[in-house]
Every structure is written in C-alpha cells, then in structure tokens.
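In the order they appear, the protein sequences are chains A and B. The letter at position 84 of the first sequence is residue 83 when you use numbering that gives the first Met the number 0, and the numbering goes up by one with no holes. The letter at position 38 of the second sequence is residue 37 when you use numbering that gives the first Met the number 0, and the numbering goes up by one with no holes. One structure is given here, and the rest of the page talks about it.
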Amino acid sequence: MKAAFLAWLVPGLGHYYQGRKGKALLYAVCILGLYLVGFALGGGKVVYWRWVNPMNNPEKFAPHYIGQFFVGLPALPALIQGTIRHFAPESNFLWGFMAEPPQNVLNGLILRFNKLLEVGTIYTTIAGLLNILAIYDAYEGPAYLDLDEAEAEAEAGQPSSTVARPEGAV
Amino acid sequence: MGASSNIYWLILPLVVAISLVYSASRHEAWPRIWSRSLRLSLWILAILICTRAVLLLINTQV
Numbered sequence: 000m001k002a003a004f005l006a007w008l009v010p011g012l013g014h015y016y017q018g019r020k021g022k023a024l025l026y027a028v029c030i031l032g033l034y035l036v037g038f039a040l041g042g043g044k045v046v047y048w049r050w051v052n053p054m055n056n057p058e059k060f061a062p063h064y065i066g067q068f069f070v071g072l073p074a075l076p077a078l079i080q081g082t083i084r085h086f087a088p089e090s091n092f093l094w095g096f097m098a099e100p101p102q103n104v105l106n107g108l109i110l111r112f113n114k115l116l117e118v119g120t121i122y123t124t125i126a127g128l129l130n131i132l133a134i135y136d137a138y139e140g141p142a143y144l145d146l147d148e149a150e151a152e153a154e155a156g157q158p159s160s161t162v163a164r165p166e167g168a169v
Numbered sequence: 000m001g002a003s004s005n006i007y008w009l010i011l012p013l014v015v016a017i018s019l020v021y022s023a024s025r026h027e028a029w030p031r032i033w034s035r036s037l038r039l040s041l042w043i044l045a046i047l048i049c050t051r052a053v054l055l056l057i058n059t060q061v
C-alpha cells in the first residue's frame, strides 16, 4: 500500500521503494517525461482545476484534471490552487502557479499555441492515466508472473527470484 | 511539409510511452517488456495509419 501511495506521489518512486529500480526509471522517464513535455507544450497553462458542478456548469468543468491528478505531486498544486481560489478568489498563492487561467488568457493561448495546447492537455492527461497502471503494478505486481515467464528466465540462466512478486506488493 | 502536418510526429512519443508503460505493468522480465512494447507500438501505429487512410479516402471520395 505504501508503495502504491509513493507510486502515485512521484511516478517510479513506489517501484524504487520496492527495489525495482529499472522499472522505477522507466516509469519516471515515460510518465514524468510525457507530463513535462505536455506541460511545456501547453505553455504551463494546461493543468488546472475548478470546483464546479459538471451538471450545472459543464463548460467550466475541467475533466482533464481527473486524469492529470494521477501524476501525483507534479499536478497537485493545481488542486490546491483550485481549492484556494474556490474559497478565496482574490488569493495569489504561489504567484498563481497552476491556477485556472482567466478566459482572456485561455483565448490568447489558443491563438498562440493552436493545436499544441490540445496536444499538451492530451500528453499530461495520458501521463496521469498511465500512472494508474504503474500504481497498480506497485500495489499488486505485474499481471503476468506465469509459468512461461519463470521458465524463460530459468532457461536464460537467471534465478527465479527475479520474477518473484515484488516486496511491498500485496 | 507544413506546420499542421508536423503535429502528427507528436504521436510517436505518446505511442512509445504508452507501449512501454503498459508492457512494464504486465511483465517483469525485461526482454519480454521490450518485445511486447515494440509489438504494441507497431500495432497502435498500424491502426492509426489505417484509420487515417480510411478517413482520407472517405474525405476525398465524398
């Protein structure tokens, strides 16, 4: 459970905690890389959250943040900003970093970045969705630890402990 | 090649990342992770190219 929480907090950290350093590196590079490139493509304005009821105000709802949330710590300031802005709209926490951009700024970004804004949103959202797989891997271990894989490892001369269920996994 | 067509290259890192993370979450052995992710990348790209070709065909014929 601790490994799953760490995997959510920083992609790859849960696997590093379990001693699966190769996988930790792979998850960190792929997920954080995708997130950071997407964040840069969108001019740093594609990760934000608004506390609105999607039934009453669907245009203001930011569904992409539901995916982005699972990147963990890198996307967490958006949730904090959204919550602070909900209760204190005039606040300037962290100089507005990851705060919901005003509508005129969003319009300007669409003109400036055009489709890259959408690509940035897709990259950051998919990074979060991919981290769900990584969190599950940290929690439960890989899906296939079947006999074939163990036999293949044994044939290659590696000890079978390399494919044993990782420590920390339930 | 115009700026609008360059945007299609941005699908490549996305496909590679999706394939690697998906395969790594399914398998523990590295040779299997690499081979499965390569296979998945090629499948995704093939489906995307076929879909693009069909849509292009429909768009030019209708």
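Positions of the beta carbon are idealized from the N, C-alpha and C atoms, including for glycine. Being a predicted model, the structure only gives us computed values, none of them experimental.
>> Buried or exposed, going by whether 16 or more other CB atoms sit within 10 Å of the CB of A/G95?
In response: exposed
>> Taking the alpha helix (DSSP H) that A/Y138 belongs to, which residues open and close that run?
In response: K114 to E139
>> So if I threshold CB-CB distances at 7 angstroms, which residues from the segment 114 to 140 of chain A count as touching chain B?
In response: K114, V118, Y122, I125, L129, L132, A133, Y135 and D136
> Which runs of the alpha helix (DSSP H) spanning at least 4 residues fall entirely within the segment 22 to 107 of chain A, listed in chain order?
Replying inline: 32 to 40, 63 to 67 and 75 to 86
>> Assuming the contact rule is C-beta atoms closer than 8 angstroms, A/E89 and A/Y47 should be a hit. Round their C-beta distance to whole Å, please.
In response: No, A/E89 and A/Y47 are not in contact; Cβ-Cβ is about 17 angstroms, not under 8 angstroms.
> With 16 other CB atoms within 10 Å as the buried threshold, where does A/L116 fall?
Replying inline: buried
> Should the segment 51 to 63 of chain A be called in touch with the segment 7 to 19 of chain A, which here means at least 3 C-beta pairs below 8 angstroms?
Replying inline: no
> Along the chain, where does the alpha helix (DSSP H) that runs through B/W29 open and close?
Replying inline: W29 to Q60
>> According to DSSP, is A/A2 part of a helix, a strand, or is it coil?
In response: helix
> Sorted by chain position, which residues of the same chain lie with C-beta nearer than 8 angstroms to A/G42's C-beta, five sequence neighbours on each side aside?
Replying inline: L108, R111, F112, L116 and G119
> Taking only beta-carbon atoms, is B/Y21 less than 8 angstroms away from chain A?
Replying inline: yes
>> With the cut-off set at 8 angstroms, would you say B/W29 and A/G21 are in Cβ contact?
In response: yes
> So, is B/L55 buried or exposed, given that buried needs 16 or more other C-beta atoms within 10 angstroms?
Replying inline: exposed
>> Give me the chain A residues within the contact set of B/I43, using Cβ-Cβ distance strictly less than 8 angstroms, ordered along the chain.
In response: Correct list: empty, because the minimum Cβ distance to chain A is about 12 angstroms.
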